[in-house]
Structure formats: structure tokens, C-alpha cells
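The end of the sequence shown is residue 352 by full-length UniProt numbering, with every number in the run present. Heads up, the beta-carbon is just placed ideally off N, CA and C, and yes, glycines get one too. It should be emphasised that the depicted structure is a prediction, and the values quoted were computed from it without experimental measurement.
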Amino acid sequence: MILLLTRILSKVALALMVGLLAGCQGGVLDPKGQVGIEEKQLIIVATLLMLLVVIPVIFMTLYFAWKYREGRDEIYEPKWSHSTKIETIVWAIPVVIVIVLGVITWKSTHALDPYKPLESDKEHINVQVISMNWKWLFVYPDLGIATVNELRFPANVPVAFQISSEGTMNSFFIPQLGSQIYSMAGMVTKLHLIANEPGSFDGMSANYSGAGFSGMKFKAIATPTEADFDAWVEGVKAGTHNVINNGVLDQASYEKLAEHDIDAHHVEPTPVQYYNSIASSIFMDNVMKFMKDHGKVELLKGTAFDSQMIHNNSAHGEMNHGEMNHGEMNHGEMNHGESQHSSHDMHTEAEK
């Protein structure tokens, strides 16, 4: 009876798993890149190890409920409280699983370090990413072009990302290629990915950032060959693609792009746009503008954090304190009677 029940439950679990995984297309369980494949294997191994505990617990719960149901002539032992064998099994199995998971986590953490360049016989393509409200800007510093809400690179060529934010924190994520990582203003995070086959993959922000968050998506397109990618780059520079071409990405056009509709109820996804040339260091200039030594945030003007005020206060602090007339600060010249009178008036007013 127990063997038959086990077989039935196994077949049901297998059918459910196949049915659920059948719809997993375009996500982390349908990887198209080296990093994504390794992460999928890690997810499966960790899940199976945890099921070693979950499945027996579920099975025994159902079995004991059936075995000791009302009407069965089972032995009733209300004073039974301890079994060395059961305690050993209950503690030993989870301990072993945790140790195995710990070793796997240690190794995979170093192997899948997003800052670690991928091993390849081809040079990485450098892409600088800036998250905005609510769009993605991709800058190709070595190619002199930039795009909005579209990312292209050749298949089987590693891509090195530098990621930052114009303001609100976001999370850069291409599920089929793996490894999401945060974008933060005034900071640069790194990520290395590769597509093992050509295709169009969905990219998104995995961190809620406001009313336009739902439309903050882009396409990551892996071209079949490097020649196809080079042809696309030349088309961007020549402005021959059938998309919006904004010309030069300089500080003025960057600030215009960074603007967003203040009406939170009418936020539309930003269409794909190209820039056929870029100003040098456009990425780092806008990263460092949040640092006091390289500029100041508009919201901080006139406050104690204004870089100009900090500079002026620093210069003022260089005054020679020895030039101060200590005689003017002779506390003995204070009218003690007036001080007491003022204090008395304050207490009287407080009592009122």
C-alpha cells in the first residue's frame, strides 16, 4: 500500500513539474548565455537538495494522518517523548544538506562574480548603462554611439557593463543571460554577460522605481555574427535605421533625455532612439556630478551640502584665530544682574 502510494505521488509530482516548466520560456529557466546556464544549474541543484527534506516531510504528514486516523487500532503511547534514532535522522540530514549547500554557494559565488570578466578568446565589448525615469540609456564608449531602450551585441562575444543611475535606484536584468545588478546614482557597478546564441532577449528593471516602472523594458539583441553587429553600428552612425535619431549625445541632449513626465498617470514607454555620436566621458561626467568635488545636485543648492558653500566655509576656517580680540570676550564684563533678570523673566513667562 505504501509503495503504491509513493509511486502515485511521484507520478503526480513529475507531471506537475513538467507542466510548470513547459511554460518557462524567456526566463531564468530558459537561459541563452553561459552565466544564465550556470545559474540555472545552481537553482536546480539547490532545489533538489531542499526537496530531500520537503518531500519526506510531506509524505510522512499524509501517511501518519492516514495511519493514525480514528477507528484504527494503533498503540497509544501518550508518555512517549524521545527516540535517539529519530533525533539523529532529524538533525543529521538537514546538517548535511546545509553543509553541501554552503560549499556549493561558496564556489558559485566566486565563479559567478558579476565583476569577474568572462573567459573568452574574444575581447569584451564595453557598454555603459544609465537607468533613468523610466528608460535605459546604453553608451558604447569605444564605438562612439548610444541607444535608448535597445541593446545590441554579437553572439558569443562577452560584454562588459558599467552601470549607474540618473537618480532612482534600479536593477539591470536580462533574465535569459543571467545576473541582475543594481544601478545607483553616483556609483558604478559592473556586470559581465555573454549570449551563446543569436536572438532577442527581454531586459527590464527588477527594482520598482515609480509610476513608469512597468514600461521600463528594453530588448537585448544578439546578432548572429560580428559583421552584422558592425553593420548595425555603421547604420547608427549614418542614421539609416528606421528609428528616432537624436544626433549627438552631449550634456544638453543628455539632460533633455533625462527629463520625465511629471504626470504619473500618463507615463508611456520611451521608444527606441539612437545617437550617432557621443561627447567624450559623458558617462563618468554624469556619475561624478553627484560628488561634491565634481559638481553639485540641484536640490542641494544653498544648503550646507552645496559644494560652493563647503569651499567658502573651508576658506573662512583658515582665519587666524590668534587675531581675535580675547578682550572682547571677557566674560567678567558681562552684567551678571542682567543675566539673572533675563533668566527670571524666562521662568515667569514659562509658568504663564
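Look at the alpha carbon of residue i and the alpha carbon of residue j, and state the distance between them as a whole number of angstroms.
| i | j | result |
| --- | --- | --- |
| residue 162 | residue 191 | 7 angstroms |
| residue 140 | residue 126 | 6 angstroms |
| residue 299 | residue 283 | Legend: pLDDT at residue 299 = 49, less than 50; position of this residue unreliable, no value from coordinates given. |
| residue 159 | residue 175 | 15 angstroms |
| residue 97 | residue 66 | 29 angstroms |
| residue 223 | residue 252 | 32 angstroms |
| residue 75 | residue 64 | 13 angstroms |
| residue 68 | residue 82 | 19 angstroms |
| residue 51 | residue 61 | 15 angstroms |
| residue 241 | residue 212 | 27 angstroms |
| residue 117 | residue 46 | 25 angstroms |
| residue 290 | residue 121 | 37 angstroms |
| residue 255 | residue 239 | 22 angstroms |
| residue 57 | residue 169 | 41 angstroms |
| residue 275 | residue 281 | 15 angstroms |
| residue 366 | residue 55 | There is simply no residue 366 to check, as the chain begins at 1 and stops at 352 in what is shown. |
| residue 77 | residue 91 | 23 angstroms |
| residue 84 | residue 112 | 41 angstroms |
| residue 132 | residue 271 | 14 angstroms |
| residue 258 | residue 285 | 14 angstroms |
Comparing C-alpha positions only, which one of the options sits nearest to residue i?
| i | options | result |
| --- | --- | --- |
| residue 179 | 108, 274, 58 | 108 |
| residue 248 | 271, 145, 258 | 145 |
| residue 35 | 255, 214, 257, 173 | 173 |
| residue 221 | 195, 240, 62 | 195 |
| residue 188 | 47, 236, 115, 142 | 115 |
| residue 277 | 237, 257, 213, 260 | 237 |
| residue 119 | 256, 177, 193, 73 | 193 |
Can you list, in chain order, the residues of its chain with a C-beta nearer than 8 angstroms to that of residue i? Leave out the 5 residues immediately preceding and following it.
| i | result |
| --- | --- |
| residue 171 | 180, 181, 182, 183, 205, 206, 207 |
| residue 79 | none |
Is the beta carbon of residue i less than 8 angstroms from the beta carbon of residue j?
| i | j | result |
| --- | --- | --- |
| residue 358 | residue 53 | Since the first residue shown for the chain is 1 and the last is 352, residue 358 is missing from the structure and cannot be characterised. |
| residue 154 | residue 59 | no |
| residue 197 | residue 32 | yes |
| residue 268 | residue 203 | no |
| residue 287 | residue 209 | no |
| residue 200 | residue 219 | yes |
| residue 358 | residue 134 | A query on residue 358 cannot be resolved here, the shown segment of the chain reaching from 1 to 352 and no further. |
Looking only at its own chain, which residues have a Cβ that is under 6 angstroms from the Cβ of residue i, when we skip the five neighbours before and after it?
| i | result |
| --- | --- |
| residue 167 | 185 |
| residue 279 | 250 |
| residue 124 | 158, 160 |
| residue 273 | 148, 244, 246 |
| residue 27 | 175 |
| residue 233 | 143 |
| residue 235 | 241 |
Can you list, in chain order, the residues of its chain whose CB lies under 7 angstroms from that of residue i, leaving out five sequence neighbours each side?
| i | result |
| --- | --- |
| residue 138 | 127, 129, 146, 147, 151 |
| residue 37 | 31 |
| residue 100 | 49 |
| query | Enumerated in chain order, which unbroken segments of the alpha helix (DSSP H) with a length of 4 residues or greater are wholly contained in the stretch 74-130? | reply | For the stretch 74-130, whole alpha helix (DSSP H) runs of length 4 or above, ordered along the chain, are 84-111.
| Counting only runs that start and end within the stretch 143-230, where is the beta strand (DSSP E) found for 3 or more residues in a row? | Listed in chain order, the complete beta strand (DSSP E) runs (minimum 3 residues) inside the stretch 143-230 are 145-148, 150-154, 159-165, 170-173, 181-183, 189-193, 199-205, 217-223.
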